[in-house]
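Numbering (my numbering), first residue to last: 1 to 121.
All C-beta atoms in this analysis are idealised placements derived from N, C-alpha and C, irrespective of residue type, glycine included.
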(Lines of atoms letter the chains of each structure in order from A and count residues from 1; the text may use other names and numbers.)
(Lines give C-alpha, C1' and ligand atoms only; values in the text may rest on other atoms or scores of the structure.)
Protein backbone atom coordinates (compact mmCIF):
# COMPACT_ATOMS: atom_id res chain seq x y z
CA UNK A 1 0.00 0.00 0.00
CA UNK A 2 1.35 3.41 -0.95
CA UNK A 3 2.13 5.79 1.89
CA UNK A 4 0.74 8.66 -0.18
CA UNK A 5 -2.75 7.08 -0.14
CA UNK A 6 -3.03 6.70 3.63
CA UNK A 7 -4.78 9.46 5.56
CA UNK A 8 -2.82 9.90 8.75
CA UNK A 9 -3.63 12.28 11.57
CA UNK A 10 -1.83 13.09 14.79
CA UNK A 11 -4.05 11.72 17.55
CA UNK A 12 -3.05 14.13 20.33
CA UNK A 13 -2.44 17.20 18.19
CA UNK A 14 -4.77 19.59 20.05
CA UNK A 15 -3.42 18.55 23.44
CA UNK A 16 0.20 19.02 22.34
CA UNK A 17 -0.52 22.41 20.74
CA UNK A 18 -2.16 23.62 23.95
CA UNK A 19 1.00 22.70 25.88
CA UNK A 20 3.64 24.08 23.49
CA UNK A 21 1.68 27.26 22.56
CA UNK A 22 2.98 27.91 19.03
CA UNK A 23 0.69 30.94 18.75
CA UNK A 24 3.35 32.79 20.76
CA UNK A 25 6.06 31.94 18.20
CA UNK A 26 9.34 30.14 18.61
CA UNK A 27 11.39 27.32 17.16
CA UNK A 28 10.11 23.78 17.58
CA UNK A 29 11.74 20.43 16.90
CA UNK A 30 9.58 17.62 15.54
CA UNK A 31 11.66 14.51 16.20
CA UNK A 32 9.23 12.04 14.64
CA UNK A 33 8.00 13.86 11.52
CA UNK A 34 6.06 10.99 9.88
CA UNK A 35 3.38 12.59 7.69
CA UNK A 36 4.11 16.01 9.20
CA UNK A 37 0.97 16.54 11.27
CA UNK A 38 2.65 18.37 14.14
CA UNK A 39 4.93 20.38 11.85
CA UNK A 40 2.02 21.54 9.65
CA UNK A 41 -0.04 22.60 12.64
CA UNK A 42 2.84 24.56 14.21
CA UNK A 43 3.75 26.30 10.95
CA UNK A 44 0.22 27.70 10.64
CA UNK A 45 1.35 30.25 13.23
CA UNK A 46 3.40 32.98 11.50
CA UNK A 47 6.20 33.46 14.06
CA UNK A 48 7.23 29.81 14.23
CA UNK A 49 9.99 27.67 12.80
CA UNK A 50 10.20 23.87 12.73
CA UNK A 51 13.22 21.61 12.49
CA UNK A 52 11.95 18.11 11.70
CA UNK A 53 13.61 14.70 11.85
CA UNK A 54 12.60 11.23 10.74
CA UNK A 55 14.92 8.32 10.08
CA UNK A 56 12.33 6.75 7.75
CA UNK A 57 13.31 7.75 4.21
CA UNK A 58 9.86 6.80 2.92
CA UNK A 59 8.30 9.87 4.59
CA UNK A 60 10.62 12.41 2.93
CA UNK A 61 8.01 13.20 0.26
CA UNK A 62 5.68 14.56 2.97
CA UNK A 63 8.22 17.26 3.79
CA UNK A 64 8.46 18.64 0.24
CA UNK A 65 5.35 20.83 0.33
CA UNK A 66 6.33 22.26 3.72
CA UNK A 67 9.88 22.98 2.55
CA UNK A 68 8.48 24.83 -0.46
CA UNK A 69 5.76 26.75 1.38
CA UNK A 70 7.84 27.63 4.45
CA UNK A 71 11.34 27.96 2.96
CA UNK A 72 12.84 29.99 5.79
CA UNK A 73 10.79 28.39 8.55
CA UNK A 74 10.99 24.63 7.96
CA UNK A 75 13.91 22.24 7.62
CA UNK A 76 13.68 18.46 7.33
CA UNK A 77 16.45 15.94 8.01
CA UNK A 78 16.32 12.21 7.26
CA UNK A 79 18.22 11.34 10.41
CA UNK A 80 17.74 9.67 13.77
CA UNK A 81 16.50 12.15 16.34
CA UNK A 82 19.49 11.15 18.47
CA UNK A 83 21.62 13.22 16.06
CA UNK A 84 19.69 16.46 16.54
CA UNK A 85 22.57 18.10 18.44
CA UNK A 86 24.54 18.01 15.19
CA UNK A 87 21.86 20.01 13.37
CA UNK A 88 20.57 22.45 15.98
CA UNK A 89 22.60 25.38 17.25
CA UNK A 90 22.79 25.69 21.01
CA UNK A 91 21.49 29.26 20.85
CA UNK A 92 18.58 28.45 18.49
CA UNK A 93 15.98 29.38 21.11
CA UNK A 94 14.19 26.03 21.01
CA UNK A 95 10.78 26.34 22.64
CA UNK A 96 9.73 22.67 22.56
CA UNK A 97 10.87 19.28 21.33
CA UNK A 98 8.13 16.88 20.24
CA UNK A 99 8.42 13.08 20.19
CA UNK A 100 5.37 11.15 18.99
CA UNK A 101 6.54 7.65 19.86
CA UNK A 102 3.42 5.67 18.99
CA UNK A 103 2.64 3.66 15.89
CA UNK A 104 1.20 5.41 12.88
CA UNK A 105 -1.44 4.18 10.50
CA UNK A 106 1.21 4.35 7.77
CA UNK A 107 3.27 1.75 9.62
CA UNK A 108 0.36 -0.55 10.41
CA UNK A 109 -1.04 -0.51 6.86
CA UNK A 110 2.32 -1.09 5.15
CA UNK A 111 2.61 -4.89 5.10
CA UNK A 112 6.34 -4.73 4.34
CA UNK A 113 6.94 -3.38 7.85
CA UNK A 114 5.57 -6.52 9.51
CA UNK A 115 3.10 -4.76 11.83
CA UNK A 116 -0.10 -5.95 10.16
CA UNK A 117 -2.70 -8.01 11.95
CA UNK A 118 -4.72 -8.26 8.72
CA UNK A 119 -2.22 -9.99 6.44
CA UNK A 120 1.17 -11.63 6.36
CA UNK A 121 3.91 -9.08 5.77
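Straight-line Cα distance separating residue j from residue i
i	j	result
residue 35	residue 17	17 Å
residue 61	residue 39	14 Å
residue 20	residue 37	15 Å
residue 55	residue 23	28 Å
residue 99	residue 87	17 Å
residue 48	residue 82	23 Å
Same chain only: Cβ atoms within 6 Å of residue i, ignoring 5 sequence neighbours per side
i	result
residue 57	78
Nonlocal neighbours in the same chain, by C-beta distance under 7 Å from residue i, ignoring five residues either side
i	result
residue 13	37, 38, 41
The ligand MN heavy atom lying under 6 Å from the CB of residue i
i	result
residue 87	With respect to the ligand MN, the structure shown offers nothing to examine, as it has no ligands at all.
Distance CB(residue i)-CB(residue j) smaller than 7 Å
i	j	result
residue 96	residue 28	yes
residue 74	residue 84	no
Delimiting residues of the alpha helix (DSSP H) encompassing residue i
i	result
residue 33	Residue 33 -> no alpha helix (DSSP H), and no H or E assigned at all.
Residue span of the beta strand (DSSP E) that contains residue i, given as start and end
i	result
residue 53	48–53
residue 75	74–77
Own chain partners of residue i with C-beta closer than 8 Å, once the 5 adjacent residues on each side are dropped
i	result
residue 93	26, 27
Residue i, buried or exposed, once every other Cβ within 10 Å from all chains shown has been counted against 16
i	result
residue 101	exposed
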